[in-house]
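If you count the sequence shown from 1, position 298 lands on 298 in this note's numbering, and the numbers rise without skipping.
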Amino acid sequence: MYRCLLATLCVATFLVPAFADGSDGLHRAQIEATALGGGAYVVTGGISNTGFVIGPSGVIVIDAQMFAEDAQRKQAAIAKLTTKPVTTLILTHSDVDHVYGLPAWPRGLRIIAQENVRSQMEAMIAKPDPRQPPLPANFDAYLPTHTLRHAETTVIDGVEVAMTHLRAGHTNGDLVIHFPKQRVAFVGDLLTIGDPNLPTAGLYPVIHLDKFGSSAGWIAVMKAVLELEADVFIGGHGTAPITREQLKEAVAATEKRRAEVKRLFDGGSGLPQIKAALNDPPPAAPLFFSTFVETVYQELLRE
């Protein structure tokens, strides 16, 4: 969910500050795996929320973490619960905090992603972004081995999983990963509710305009997510899990805020006037993001 905020209308970047002691400079709590039922777990404490599901014959992992040490801690948490092997890793999208930990996982895994994610990862390798942390060694050995364009329902390790890409939301490669029996949906950075690093208390989504994300698309996607037979929703950052009522609140608030920005924009207001009218805060530090108001304004300028 990160890109550099060079000006008020620029999309945000995730900058990892370097410290003399060699640390990444970001506080990370201890990795914790919390049971959601039916063999499904949410993993918190790393830079991003991730998860896994233990099936009859193996383990399905959701997202790879950002740092190798967190990926290794996640594997240790799995090993405490089962001796079954990790066979499959499903990516919710291509942001570095969800894919840079891939080389810390065993080789030979089946890696599943929406087709745009593979293209974005190939671009990371071909032309590394100097604004991002250095590409991990052997990253090119962990490109997705199976991609899908829109939707696929399958059985992995005896577990039914439905993977859906409806349209661009946070990015154009978002994948909603629904486990019907467990009644859990992993949605990555489509949800960041409760993240203290986000402006406006994380109520509104972060949209990657440079990855062809869309605020209107986000609303459509999340309305479809609300139709899933799921009791909890796991976002990529912030509070986890999210209840159906919390998700409904976030969708309603986002739809209302987008309509407010459009009304003011259509009335001739510029960004400073719109931000003042809606009491839009400055981007939060130390992680620099465009606010949702700024993102919608930029989208409307492009239309």
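Heads up, the beta-carbon is just placed ideally off N, CA and C, and yes, glycines get one too.
Next item on the list: Output the boundary residues of the beta strand (DSSP E) element that contains E160.
Entry: Start and end: 159 to 164.
Margin query: If distances are taken between C-alpha atoms only, which option among G270, L271, H237, A220 comes closest to K248?
Written below: Comparing Cα positions, the closest option is A220.
Notebook entry, point to check: Can you name, in chain order, every residue of its own chain whose Cβ lies under 7 angstroms from the Cβ of T82, other than the five neighbours on each side?
Noted result: Excluding sequence neighbours, T82 sits near I54, V59.
Note to self: Which runs of the alpha helix (DSSP H) at least 4 residues long sit entirely within the segment 61 to 134? Give them in chain order.
What the structure shows: Along the segment 61 to 134, the alpha helix (DSSP H) occurs as fully enclosed runs of 4 or more residues at 68 to 81, 96 to 99, 115 to 126, listed in sequence order.
Next item on the list: Would you mind giving the Cβ-Cβ distance between H165 and D157, rounded to the nearest angstrom? I have them listed as a contact below 8 angstroms.
Entry: About 22 angstroms; that fails the 8 angstroms criterion.
Note to self: Tell me which residues share the same chain as T243 and place their Cβ nearer than 7 angstroms to its Cβ, disregarding the 5 neighbours each side in the sequence.
What the structure shows: The residues are V232.
Check: Should I62 and T92 be called a contact, given that it needs their Cβ atoms to be closer than 8 angstroms?
Finding: Cβ atoms of I62 and T92: closer than 8 angstroms.
Next item on the list: Count the other CB atoms, across all protein chains shown, that sit within 10 Å of the CB of G268; report buried if there are 16 or more and exposed otherwise.
Entry: Exposed, since its Cβ has fewer than 16 Cβ neighbours within 10 Å.
Notebook entry, point to check: Do you know offhand how far D140's Cα is from Q273's?
Noted result: Straight-line spacing of the CA atoms in D140 and Q273 works out to 46 angstroms.
Item checked: Helix, strand or coil at E152 according to DSSP, with G and I counted as helix -> It is a strand residue.
Next item on the list: In angstroms with no decimal places, state the Cα-to-Cα distance between A259 and R131.
Entry: Pairing A259 with R131, the inter-Cα distance amounts to about 33 angstroms.
Note to self: Nearest by alpha-carbon distance to L301: which of K127, D266, P281, A137 is it?
What the structure shows: When K127, D266, P281, A137 are compared, the shortest CA-CA separation from L301 is found for D266.
Next item on the list: Apply the 10 Å Cβ neighbour rule to N116 and answer buried if 16 or more other Cβ atoms are within range, or exposed otherwise.
Entry: It is buried - the Cβ of N116 has at least 16 other Cβ atoms within 10 Å.
Item checked: C-beta contact flag for G101 and F67 at 8 angstroms -> Cβ distance < 8 angstroms, so G101 and F67 count as in contact.
Checklist line | Exposure of E299, with buried meaning 16 or more beta-carbon neighbours within 10 Å | finding: Of the residues assessed, E299 falls on the buried side of the cut-off, its CB having 16 or more other CB atoms within 10 angstroms.
Notebook entry, point to check: Who does F35 pair with in a DSSP beta bridge?
Noted result: The displayed chain sequence assigns Ala, not Phe, to residue 35. According to DSSP, A35 bridges with Y41.
Check: Any idea which residues DSSP pairs F243 with across the strands?
Finding: The sequence given here places Thr at residue 243; Phe does not occur at that position. Per DSSP, the beta-bridge partners of T243 are V232.
Notebook entry, point to check: Helix, strand or coil: how does DSSP classify T192 here?
Noted result: Three-state DSSP puts T192 in coil, outside helix and strand.
Margin query: Quick check on E54: does DSSP put it in helix, strand or coil?
Written below: For the record, residue 54 in the displayed sequence is Ile; it is not Glu. If DSSP states are grouped into helix, strand and coil, I54 belongs with the strands.
Next item on the list: Look up I177 in the DSSP assignment and say whether it is helix, strand or coil.
Entry: Strand at I177.
Margin query: I need the DSSP call for V206, collapsed to helix, strand or coil.
Written below: Three-state result, V206: coil.
Checklist line | Residue closest to F179, alpha-carbon to alpha-carbon, out of Q65, G39, N172 | finding: For the options Q65, G39, N172, the alpha carbon positioned closest to that of F179 is the one of G39.
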